[in-house]
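Numbering (our numbering), first residue to last: 366 to 812.
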C-alpha cells in the first residue's frame with residue numbers, strides 16, 4: 366500500500382478562520398454571558414460522551430478540540446464550575462472508547478505499564494495528605510493522562526482522524542487568539558516584566574502558552590507540508606496572528622515550545638535545507654511581529670525576554686530535589702510538595718512544583734523517578750524505532766508534551782490530547798486480512 370502523509374484539510378479554511386477569530390472577539394468582549402459559555406462547555410462534553418458511547422471516533426475528535434480550548438475560558442471566568450471537568454470527561458470518554466471501539470489485541474506500546482504503576486503509587490502515597498483537595502486534583506489529572514495513554518497504546522489513529530483533529534485544533538486556537546486579542550484592542554494593559562492577566566484578557570497566561578503554542582506548531586507544520594501548498598500563505602498569515610497574540614501575553618513558554626519544534630523539524634529535514642530556502646519569507650514576518658510587539662508594549666517585551674530566570678521555576682526545581690534528597694525512598698507523599706516547602710521554610714508561600722518530573726521525585730522518591738521518568742524514557746525509545754513520517758511527527762508532539770509538563774505541570778486540558786497523538790500513531794503494516802494491523806516494520810507502511 367502506498368505511503369500516506371499527514372495532510373491538513375484546507376477546504377474553506379479562510380472562511381472558517383475568519384469566523385473563528387470573530388467568534389473569539391465576541392467572546393472576549395463578553396457579549397456572550399459566562400453561563401452561556403459554560404452551557405456550551407457542558408454541551409460539548411455531552412456530545413463527546415455520546416459520540417464515545419456510539420463508538421464514533423470521527424464525531425468525538427471533531428468536537429474534542431473545542432471542548433479542550435473552551436475550558437481555559439470557563440476556568441478563568443466561571444470559578445463555580447468544576448475545575449477538573451475536562452479531566453473527568455477524558456476519563457469517561459477514553460474508558461468508554463476502550464470497551465466500545467475494536468482495538469488491537471496487543472498494545473503497540475508498553476510504556477503505559479510504567480504509568481499504571483506510578484498512578485497506583487500516587488494512590489498509595491496519598492493516605493495521609495496534608496490537604497486532601499490537592500491530592501484529589503493530582504490524582505484526577507493523573508488518571509486523565511493514564512486513560513488517554515492506555516487507549517492510545519491499544520489503538521491507532523488513521524490519517525483521516527488525525528487530519529480532522531489537527532484541523533479543528535487550529536480552528537480552536539484561532540478562537541482563543543481572538544479572545545485574547547480583545548485585551549489589546551481596548552489598550553488598558555499595564556505591561557511589566559512578567560506575564561499578567563491584563564494582557565491575556567483575564568485568562569491564565571502561563572496556561573495559554575500551551576494552548577496557543579500547540580496552535581502555532583500546527584500552523585508551522587502545515588506551512589512546511591509540501592501537500593498543503595495552496596494554503597501556505599493563509600497558514601503563514603494565521604500563524605503570524607496567533608504567534609503575535611501569544612507573545613503579547615508575556616508568557617515566554619509558547620515561543621519556546623514553537624522554537625523547539627522548529628529546531629527539531631530542521632534537524633530531521635537537514636538534508637532538505639536547500640529546498641526550504643524559500644521559507645526565508647519567515648524572516649520579514651518575524652521582523653513585522655517583533656516591531657509590532659515592541660511598539661505595542663513600549664519595549665517592555667524585549668526586557669521580558671532578556672530577563673534572567675524562569676519566574677522562580679528554577680528555584681522550585683532546586684527545592685524539589687532538596688526535598689528528594691531528604692526523602693529518598695517514598696518522598697513526602699502525593700500532593701504534599703505545596704505544604705512541605707512552606708512548612709520547612711524552603712519557600713515563602715505554598716506553591717506547586719510546576720514541573721511533573723520534579724514533583725514525582727519530591728513526592729515519591731526514587732520509586733517515583735523510576736516509574737514516572739521510566740515511562741517517558743521507554744516511550745522515547747519506542748518512538749525512535751518508528752519509521753518516517755510517524756517517528757518525526759510523534760517526536761514533535763513528544764517534545765511539546767515534555768516541555769509543557771516542565772512549564773505548566775500537569776493541569777491543562779490539551780495534555781492528554783497531545784500524549785494521545787504521540788502514542789496512537791505507530792508504524793503499522795496493513796495485512797491482507799481486513800481490519801488487522803501489525804506494528805512490525807515493513808515497506809508497505811502507512812501513517
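We put the CB at the ideal spot given by N, CA and C, even for glycine. Values in this document were obtained by computation on a predicted structure and should not be read as measured data.
Query	Result
Reduced DSSP secondary structure (H/G/I, E/B, other) of residue 614	coil
First and last residue of the uninterrupted alpha helix (DSSP H) at residue 780	780 to 788
Boundaries (first-last residue) of the alpha helix (DSSP H) holding residue 428	422 to 442
C-alpha distance - residue 420 paired with residue 684, whole-angstrom precision	46 Å
Within the stretch 463 to 516, ranges of the alpha helix (DSSP H) (whole runs, at least 4 residues)	477 to 489
CA-to-CA distance, residue 775 to residue 721, given in whole angstroms	7 Å
Sub-8 Å separation of residue 739 and residue 479 beta-carbons	yes
Option nearest residue 761 by Cα separation, candidates 422, 634 and 694	634
Whole-angstrom distance between residue 523 and residue 378, CA atom to CA atom	22 Å
Residue closest to residue 576, alpha-carbon to alpha-carbon, out of 453, 515, 605 and 780	780
Assigned exposure category for residue 611 - 16 Cβ within 10 Å defines buried	buried
Cβ neighbours of residue 727 in the same chain (closer than 7 Å, five flanking residues each side left out)	685, 688, 689, 696, 697, 702 and 718
Close-in-space but distant-in-sequence residues of the same chain around residue 515 (CB under 6 Å, 5 per side omitted)	477
Rounded straight-line distance, which links the Cα of residue 678 to that of residue 713	14 Å
Residue 449 and residue 484 closer than 8 Å at C-beta	no
Sub-8 Å separation of residue 578 and residue 618 beta-carbons	yes
Alpha carbon of residue 381 to alpha carbon of residue 521, nearest angstrom	28 Å
Uninterrupted alpha helix (DSSP H) stretches inside the stretch 717 to 754 (no shorter than 4 residues)	721 to 733 and 739 to 749
Integer-rounded CB distance, given that residue 494 should sit under 8 Å from residue 705	The pair is not a contact, with the Cβ atoms about 11 Å apart (cut-off 8 Å).
Whole runs of the alpha helix (DSSP H) within the stretch 527 to 557, excluding any shorter than 4 residues	none
At least three beta-carbon pairs within less than 8 Å, the stretch 586 to 599 to the stretch 541 to 551	no
Sub-8 Å separation of residue 433 and residue 410 beta-carbons	no
Unbroken alpha helix (DSSP H) run spanning residue 694, endpoints	Taken as a continuous stretch (DSSP letters only), residue 694 belongs to no alpha helix (DSSP H), as it is neither H nor E.
Exposed unless 16 or more other CB atoms sit within 10 angstroms - verdict on residue 632	exposed
Same chain, Cβ closer than 6 Å to residue 429, five either side skipped, listed in chain order	413
Residue nearest to residue 730 in terms of C-alpha spacing, selected from 746, 462, 694 and 756	694
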